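Let me begin by presenting the structure, written as structure tokens, before commenting on it.
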Amino acid sequence: MRTKTLLLTAVLSAAGVATSMAQVYSVNAVGYVNKTVPAKGTSTSGKVALISNPLDAGQGNNTIANLFKGVPDGTQVYKYTGTGFITATYDGLENAFLPADAAATTVVPGEGVFVRNTSANDLTVTFVGEVPQGTLNNVYPKGLSIRSSMVPQQGTAAELGFVGVDGDQINQFDTATQGYSVSTFDGLENAWLPALKPLAVGEAFFLLANKGGTWTRTFSVN
1 MRTKTLLLTA VLSAAGVATS MAQVYSVNAV GYVNKTVPAK GTSTSGKVAL
51 ISNPLDAGQG NNTIANLFKG VPDGTQVYKY TGTGFITATY DGLENAFLPA
101 DAAATTVVPG EGVFVRNTSA NDLTVTFVGE VPQGTLNNVY PKGLSIRSSM
151 VPQQGTAAEL GFVGVDGDQI NQFDTATQGY SVSTFDGLEN AWLPALKPLA
201 VGEAFFLLAN KGGTWTRTFS VN
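Residues in the sequence shown are numbered from 1 upward in steps of one, following my numbering.
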């Protein structure tokens, strides 16, 4: 998946990830992030990408209907609930995602969704909003969930502040192969094995947690 990140005029920086950060600019911490979902190619059902909402669009605006407006007919967005997926499908004739309750589902920074592109061209999704700042708490449950960094930066989950416990698994989706790479936290080695791969800005992953917890970061653009 190709990622291009532009957050308007000044460099957004943070300790520990400067060498691996995507190009990010900011004025008043407001901007946009482009994410690309590849064309369906030879796939009859289309290709998927596992992406996050890297910016806060504001109260009431972090819905599937708002975040993914303007996509081609047949585009699907899947949000995992812990037991299954909520599926919203864009209907070009209705000019809306259906069903309505799925369209109203929120995707806030720190979460993620699968997006299926059924068209013959790459799909670019543009997220517009504010960079989350302050003490950011990404609460995750025991078991399986889709998570992402609440700050729009590139780096491994560990570099971005995620602290694993023994047996935790991070499953990173490879858009090119349409498969997963899996890393498990080894408490004895105090390390992820095999090593985690960097997450692009706006990339989400499946977390299989041994117990619930909170992924906390304190962040400021200043």
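Note that the Cβ used here is the ideal one computed from N, Cα and C, for glycine as well.
This one's a predicted model, so the numbers in the text were calculated from it and none came from an experiment.
For this session: Reducing DSSP to helix, strand and coil, say where Asp73 ends up.
Result: Stepping through the sequence shown from its first residue, residue 73 is reached at position 73. The answer is coil: DSSP assigns Asp73 none of H, G, I, E or B.
Exercise. Taking the C-alpha atoms as reference points, what is the distance between Gln153 and Glu159?
Worked result: Stepping through the sequence shown from its first residue, residue 153 is reached at position 153. Stepping through the sequence shown from its first residue, residue 159 is reached at position 159. The alpha-carbon of Gln153 is positioned some 10 Å away from that of Glu159.
Exercise. Expressed to the nearest angstrom, what Euclidean distance is found between the alpha-carbon atoms of Thr89 and Ala102?
Worked result: By 1-based counting over the sequence shown, the position of residue 89 is 89. By 1-based counting over the sequence shown, the position of residue 102 is 102. Straight across, the Cα-Cα distance linking Thr89 with Ala102 is about 9 Å.
Exercise. Roughly how far, in whole angstroms, is the beta-carbon of Pro72 from the beta-carbon of Leu123, given that I think they are within contact range, below 8 Å?
Worked result: To locate residue 72, count along the sequence shown from 1; it is residue 72. To locate residue 123, count along the sequence shown from 1; it is residue 123. Indeed they touch by this definition, with Cβ atoms about 7 Å apart.
Problem set entry | Close-in-space but distant-in-sequence residues of the same chain around Thr42 (CB under 6 Å, 5 per side omitted) | Residue numbering aside, residue 42 sits at position 42 when the sequence shown is read from its first letter. Closer than 6 Å at Cβ, skipping near neighbours: no residue.
For this session: Tell me whether the beta-carbon of Val48 lies closer than 7 Å to the beta-carbon of Lys79.
Result: Residue 48 sits at position 48 when you count from the first residue of the sequence shown. Residue 79 sits at position 79 when you count from the first residue of the sequence shown. Taking C-beta atoms as the reference points, Val48 and Lys79 fail to come closer than 7 Å.
For this session: Go through the segment 42 to 124 residue by residue and report every complete run of the alpha helix (DSSP H) that reaches 4 residues or more, in order.
Result: Counting whole runs of 4 or more residues, the segment 42 to 124 contains the alpha helix (DSSP H) stretches 64 to 67, 100 to 103.
For this session: Mind checking which residues open and close the beta strand (DSSP E) that includes Ser149?
Result: Locating residue 149 in the sequence shown gives position 149, counting from the first residue. That residue, Ser149, is in no beta strand (DSSP E); it is neither H nor E in DSSP.
Problem set entry | Cα-Cα separation between Ser220 and Gly187, rounded to whole angstroms | For the purposes of this step, residue 220 is identified with residue 220 of the sequence shown, where counting begins at 1. For the purposes of this step, residue 187 is identified with residue 187 of the sequence shown, where counting begins at 1. Rounded to whole angstroms, Ser220 to Gly187 spans 31 Å at the Cα level.
For this session: On the DSSP bridge assignment, give the partners of Ser183 in chain order.
Result: As a first step, residue 183 must be located in the sequence shown, where it is residue number 183. Ile170.
Exercise. With a Cβ-Cβ cutoff of 7 Å, do Asn117 and Thr214 count as a contact?
Worked result: Locating residue 117 in the sequence shown gives position 117, where the first residue counts as 1. Locating residue 214 in the sequence shown gives position 214, where the first residue counts as 1. Going by C-beta atoms, Asn117 is not nearer than 7 Å to Thr214.
For this session: Measure from the alpha carbon of Gly46 to the alpha carbon of each residue in Thr83, Leu196, Glu94, Val115, then state which is nearest.
Result: For the purposes of this step, residue 46 is taken as residue 46 along the sequence shown, with counting starting at 1. In terms of Cα proximity to Gly46, the closest of Thr83, Leu196, Glu94, Val115 is Val115.
Exercise. Is it true that the segment 124 to 133 meets the segment 156 to 176, where meeting means three or more beta-carbon pairs spaced less than 8 Å apart?
Worked result: As far as the Cβ criterion goes, the segment 124 to 133 does not touch the segment 156 to 176, which means the pair count is below three.
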